[in-house]
Each structure stands twice: as C-alpha cells, then as structure tokens.
Amino acid sequence: NDKDERNHKTAVEETKTNYDSTKENTKEPGKENESATRLENSALEKAKSYYDDFHMSKLGIYDILTSEYGEKFDKEDAQYAIDHLEADYEKNALEKAKSYAKDMHMSNDSIYDLLVSNYGEKFTESEAKYAIEHLDN
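The working numbering applies: residue 345 is where the sequence shown begins, and numbers increase by one.
Structural data, given as structure tokens:
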C-alpha cells in the first residue's frame, strides 16, 4: 500500500513540524529564547545585568540599551529585552531609594524626585511611591 505509506509519512512530517514549531515558541524559565535572534538575546542579557546589578527602572534600562553612549542596540532588540525581562520594578525602586537614604542621607521628597526624574532614575510615579512607602520597612 504505497498510498497508506505516503499518508503515514505525511502525517509523521506534519506532526514533527507542529512539535518543532510548538517547541520553538515555548520559553523555558531562565533560558534564552532559542527562536530569538542573537542580538535580542544579547540585549536581554544586558538588561538582566542592569536590572540585577544596578536596580534600574524599565525606562532606564531601555535608554541605556539604545543609547549611542551606552549599548547601542537597535530599538527592536532593546524592546525585546524589556518585554522578556522578568522584572519587579517596584523592588528596584525600593533598592535605589534605600541606597540614596543610607549612602547620601537624602530626604524622602528628594529621593522621590530623583526616582521619577527623567534626568535621574526614570521610575514611574507608582514605583517611586511604593519605594518611599516601604523605605523604613
């Protein structure tokens, strides 16, 4: 039965193609996305570093990834990194606020202003508010 054998081969190939497609689109936690480009994954690794090591805001990370004085990634690669970074920006705002309070002896109002400033840390107002509210916890 050549027809049955051809149908079987076709079904096996379709199943394999569907499996490979599903596998490519599934991201394991903590792993680079294999369907992403090298530059997307590089931008994501840089973003993780800025997030973990410097407690930066979403906009701060994006800006340094795309800056001609920073990492010089294309906007699309930087946006991929931001979209795939598992981040708690309230936590980072709080870490920054603690650093300013401890190391620079700043008032809460000054810390808040620096956290939300476009010339400062670039956190959202709600992230900065969270940081100030939890600063003494």
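Where is the CB? At the ideal position from N, CA and C, for every residue including glycine.
Exercise for review: Work out the CA separation of residue 405 and residue 411 for me, nearest whole Å.
Suggested key: 10 Å
Check your understanding: Can you list, in chain order, the residues of its chain whose CB lies under 8 Å from that of residue 479, leaving out five sequence neighbours each side?
Key -> 438, 441, 442, 445, 452 and 455
**Study point:** Backbone CA spacing between residue 385 and residue 423 [nearest angstrom]
**Key:** 11 Å
Practice item. Could you tell me the distance, in whole angstroms, from the CA atom of residue 428 to the CA atom of residue 391? Key: 10 Å
Review point. Pick from 449, 481, 431 and 436: whose alpha carbon is nearest that of residue 398?
Key: 436
Check your understanding: How big is the Cα-Cα spacing for residue 430 and residue 449?
Key -> 31 Å
Point to revise | Coil, strand or helix - residue 471 by DSSP | key: helix
Practice item. Decide if residue 418 is buried, meaning its Cβ has at least 16 other Cβ atoms within 10 Å, or exposed. Key: exposed
Review point. Taking all protein chains shown into account, do 16 or more other C-beta atoms lie within 10 angstroms of the C-beta of residue 401, making it buried, or fewer, making it exposed?
Key: buried
Point to revise | Beta-carbon gap between residue 387 and residue 409 smaller than 8 Å | key: yes
Review point. When DSSP labels each residue in this structure, what does residue 445 get in the three-state scheme?
Key: helix
Check your understanding: So the alpha helix (DSSP H) residue 452 belongs to, where does it begin and stop?
Key -> 452-460
Check your understanding: Is residue 465 helix, strand or coil when you go by DSSP?
Key -> coil
Check your understanding: Would residue 466 be called buried (16 or more neighbouring beta carbons within 10 Å of its own) or exposed?
Key -> buried
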